[in-house]
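Participant: This structure is in structure tokens; I'll ask about it shortly.
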Amino acid sequence: MRTNARRRIALFIALPATALAVTGFAVAAAGVATAGTMPTSGPTIAMTISNDTDLPMVLAGSSNPYGQWMQAPSDYLAPHSSQIVKAYSNDPNGVEVDATYALPGGAQAVFRADNYNNMTDVDGTRIDGNFGHGYGISSWIDSGYPNMNAGYHLYGQP
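Below is the structure:
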């Protein structure tokens, strides 16, 4: 009987721990940029921008000349935080967006995405201005046309 009681106690402890782990995984996965909930009538872009520095980023400008924002770039991105920027176009040929953030010391971080039926890229993503050598951006594309998902990490500081 003691063995059965021990098994019940172990099961009683293991089930909530397993449920908590599964819930944590689901919450973490929900943070990944995805265009899946966006309009399907044209191409989309979902960009996850992460500020991996100890300094804030302040929006200096953004552009979406051939589409509309579903979730425009935020005015401020705190240190060690992320945001998801989403855009779409009704033009089946494609959409392009960029967000430029001012960084302490006079540098600017430009996050760019192009999603066209013949080309998907993050070309044009860069650091400009004074003290730009102290920063870097790693970027990648998880999926391409018609539903582009891209990620960006700003790192370093002057």
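With mature numbering (1 follows the signal peptide of the UniProt record, and there is no 0) applied, the sequence shown covers -28 to -1, 1 to 130. We treat Cβ as the ideally placed atom computed from N, Cα and C, and that holds for glycine.
How many angstroms separate the CA atom of residue 109 from the CA atom of residue 54?
Facilitator: 14 Å
Participant: Under 8 Å Cβ to Cβ from residue -4, same chain only, skipping five residues before and after it: list those, please.
Facilitator: With a pLDDT of 40 at residue -4, under the threshold of 50, the modelled position of this residue cannot be trusted, and the question is left open.
Participant: Helix, strand or coil, according to DSSP, for residue 105 in the structure here?
Facilitator: helix
Participant: Give the secondary structure of residue 39 by DSSP, where H, G and I count as helix, E and B as strand, and everything else as coil.
Facilitator: coil
Participant: Check whether the Cβ atoms of residue 29 and residue 126 sit closer than 8 Å, and answer yes or no.
Facilitator: yes
Participant: Report the CB separation of residue 117 from residue 83 in whole angstroms; it is logged as a contact under 8 Å.
Facilitator: Wrong, their Cβ atoms sit about 19 Å apart, outside the cutoff.
Participant: Between the alpha carbons of residue 70 and residue 24, how many angstroms are there, rounded?
Facilitator: 19 Å
Participant: Tell me whether residue 36 is buried or exposed, calling it buried when 16 or more other Cβ atoms sit within 10 Å of its Cβ.
Facilitator: A buried status is given to residue 36, since no fewer than 16 other beta-carbon atoms sit within 10 Å of its beta-carbon.
Participant: Can you grab the Cα-Cα spacing for the pair residue 22 / residue 119, in whole Å?
Facilitator: 20 Å
Participant: When the Cα atoms are used, what is the spatial distance from residue 97 to residue 111?
Facilitator: For residue 97 and residue 111, the distance between alpha carbons rounds to 8 Å.
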